[in-house]
Amino acid sequence: MSRTLTVGIAGLGAIGLHLARALDAGVEGLSLHSVAARDHDKARANLSGFRKMPAITDLAGLAEADIVVEAAPASIFEEVAKAAIAKGRIFVPSSCGALLPRMHLVEEARRTGARIIVPTGALLGLDAVRAAAEGDVASVTIETRKPPRGLVGAPYLEQHKIDVLAVTDEKKLVFKGNAFDAAQGFPANVNVAAALALAGIGPRKTMIEIWADPHVTRNTHTIRVEAASARLTMTIENVPSEENPRTGKITPLSILACLRGLTSTLKVGS
Numbered sequence: 011m012s013r014t015l016t017v018g019i020a021g022l023g024a025i026g027l028h029l030a031r032a033l034d035a036g037v038e039g040l041s042l043h044s045v046a047a048r049d050h051d052k053a054r055a056n057l058s059g060f061r062k063m064p065a066i067t068d069l070a071g072l073a074e075a076d077i078v079v080e081a082a083p084a085s086i087f088e089e090v091a092k093a094a095i096a097k098g099r100i101f102v103p104s105s106c107g108a109l110l111p112r113m114h115l116v117e118e119a120r121r122t123g124a125r126i127i128v129p130t131g132a133l134l135g136l137d138a139v140r141a142a143a144e145g146d147v148a149s150v151t152i153e154t155r156k157p158p159r160g161l162v163g164a165p166y167l168e169q170h171k172i173d174v175l176a177v178t179d180e181k182k183l184v185f186k187g188n189a190f191d192a193a194q195g196f197p198a199n200v201n202v203a204a205a206l207a208l209a210g211i212g213p214r215k216t217m218i219e220i221w222a223d224p225h226v227t228r229n230t231h232t233i234r235v236e237a238a239s240a241r242l243t244m245t246i247e248n249v250p251s252e253e254n255p256r257t258g259k260i261t262p263l264s265i266l267a268c269l270r271g272l273t274s275t276l277k278v279g280s
């Protein structure tokens with residue numbers, strides 16, 4: 011692309027701040043335009059060493075950028091998305107699980123000319139899943155295993171009074187169902203399943219198991235796809251972020267790679 015695209019980031023946590031630093035260091039075709047955070051003073055402190063200070067704005071102000079990246083709590087997902095979509099921007103959600111019960115946003119984007127681009131995140135093999143989904147697919151399943159502390163606070167666990175911190179010996183199955191229900195019960199934990207569902211056969215047909223496993227130190231996802239064109243089995247072990255154990259270190263890197271793909275002359279994969 012001939013011009014530089016500006017980027018606004020909602021949230022300066024484990025994902026947003028890492029991405030902001032990378033953009034400030036320099037990425038061809040991209041420029042950090044603005045950030046939005048609840049605590050503006052803390053945001054200024056986090057950005058103090060930047061080569062060029064971006065604007066610190068509210069969520070609506072991010073939509074002045076060409077690309078809006080959502081890296082905030084899922085509770086404000088729709089506010090970030092609506093502002094970007096209304097302006098016809100490119101919207102890149104990290105909390106893609108929050109998109110599943112809000113597919114009306116896709117219709118709104120079609121009306122305004124906006125685009126919603128879901129990054130791979132902490133997953134792998136989405137290109138192969140998308141290719142297989144062009145033909146007949148019998149089943150898509152994902153098994154997620156996380157250290158118990160990485161699941162703390164999930165609404166499903168609180169609703170069913172499941173204390174994952176008490177899981178200290180054997181791994182425990184804490185959820186089994188479809189990706190749509192999992193996204194609502196574990197909004198901070200199953201963005202991988204949401205991305206898989208959107209790439210494949212949909213959230214109600216994509217099945218997921220979530221395990222609290224005291225013997226793992228990495229967030230582990232195993233995907234199995236039975237299709238007419240191929241049988242896929244893929245496993246990824248993501249290193250949890252120090253700032254937020256619910257998020258893998260690879261997640262901000264995936265978003266950065268996604269953004270590079272928007273401006274690169276050579277782009278590998280879909």
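Add 10 to the 1-based position in the sequence shown for the working numbering, that's all there is to it. Cβ coordinates follow ideal geometry from the N, Cα and C atoms, glycine included.
Taking 9 Å as the cut-off, decide whether the C-beta atoms of residue 183 and residue 126 are in contact. Residue 183 is not a Cβ neighbour of residue 126, given a cutoff of 9 Å.
So, does the CB of residue 149 fall closer than 9 Å to a CB anywhere in chain C? In the structure shown, chain C does not exist; there is a single protein chain.
Do residue 44 and residue 75 come within 9 Å of each other at the CB atom, strictly closer than that value? Yes, these two residues count as a Cβ contact at 9 Å.
Distance between residue 241 and residue 80 (C-alpha atoms, nearest Å) | Cα to Cα, the separation comes out at about 33 Å.
Inset, instruction - Please confirm whether residue 286 and residue 133 have their CB atoms less than 9 Å apart. - result: Coverage of the chain is limited to positions 11 through 280, which leaves residue 286 absent and any answer about it impossible.
| query | Whose C-beta lies closer than 7 Å to the C-beta of residue 14 among residues of the same chain, with five residues either side of it excluded? | reply | If you ignore the 5 residues before and after residue 14, its C-beta comes within less than 7 Å of the C-beta of 39, 40, 41, all in its own chain and listed in chain order.
Cβ pair count under 8 Å reaching 3, the segment 141-153 against the segment 107-126:
Contact between the segment 141-153 and the segment 107-126 is absent, because fewer than three Cβ pairs lie under 8 Å.
Next item on the list: Reducing DSSP to helix, strand and coil, say where residue 219 ends up.
Entry: When DSSP states are grouped into helix, strand and coil, residue 219 belongs to the strand group.
Worksheet item: Buried or exposed: which applies to residue 19, given that a residue is buried once 16 or more other Cβ atoms fall within 10 Å of its Cβ?
Response: Taking a 10 Å sphere around the C-beta of residue 19, we find 16 or more other C-beta atoms and assign the residue as buried.
Original post:
Grouping DSSP H, G and I as helix and E and B as strand, with all else coil, what is residue 48?
Top reply: Residue 48: coil per DSSP, three-state reduction.
What residue does the alpha helix (DSSP H) around residue 264 start on, and which one ends it?
Counting along the chain, the unbroken alpha helix (DSSP H) around residue 264 starts and ends at 260-273.
Express the C-alpha separation of residue 35 and residue 270 in angstroms, rounding to a whole number. Computed Cα separation, rounded: 14 Å.
_Checking the sheet assignment: what are the DSSP bridge partners for residue 95?_
None; residue 95 has no bridge partner.
### Query
Is it the case that the Cβ atoms of residue 181 and residue 137 are separated by a distance below 9 Å?
No, the Cβ-Cβ distance between residue 181 and residue 137 is not below 9 Å.
Exposure label - residue 156; buried when at least 16 CB within 10 Å: Buried, because 16 or more other Cβ atoms sit within 10 Å of the Cβ of residue 156.
Q) What residues in its chain sit with their C-beta under 6 Å from that of residue 243, if we drop five residues either side in the sequence? A) Closer than 6 Å at Cβ, skipping near neighbours: 234.
- prompt: Who are residue 247's beta bridge partners in DSSP?
  reply: Paired residues: 230.
Would you say the segment 193-210 touches the segment 106-121, given that touching needs at least three Cβ pairs under 8 Å?
Three or more Cβ pairs closer than 8 Å define a contact, and the segment 193-210 meets that threshold against the segment 106-121.
**Report entry** Alpha-carbon to alpha-carbon, residue 90 and residue 119
**Finding:** Linking residue 119 to residue 90 through their CA atoms gives a straight-line distance of about 13 Å.
Practice task
Any chance you could list the alpha helix (DSSP H) runs of at least 4 consecutive residues sitting entirely within the segment 163-215, in chain order?
Solution key: Look at the segment 163-215 and you find these whole runs of alpha helix (DSSP H), each 4 residues long or longer: 165-169, 189-195, 201-209.
Residue 17 versus 31, 24, 23, residue with shortest Cα-Cα distance
The candidate whose alpha carbon is nearest that of residue 17 is 31.
Beta-carbon proximity of residue 189 to residue 217, cut-off 9 Å:
It is a contact, given that the beta carbons lie within the stated cut-off.
* Just the Cα atoms here: how many angstroms apart are residue 206 and residue 187? -> Rounded to the nearest whole angstrom, the C-alpha separation of residue 206 and residue 187 is 14 Å.
Note to self: Can you check which of these residues, 73, 248, 151, is closest to residue 204 by C-alpha distance?
What the structure shows: Cα-wise, what sits closest to residue 204 is 151.
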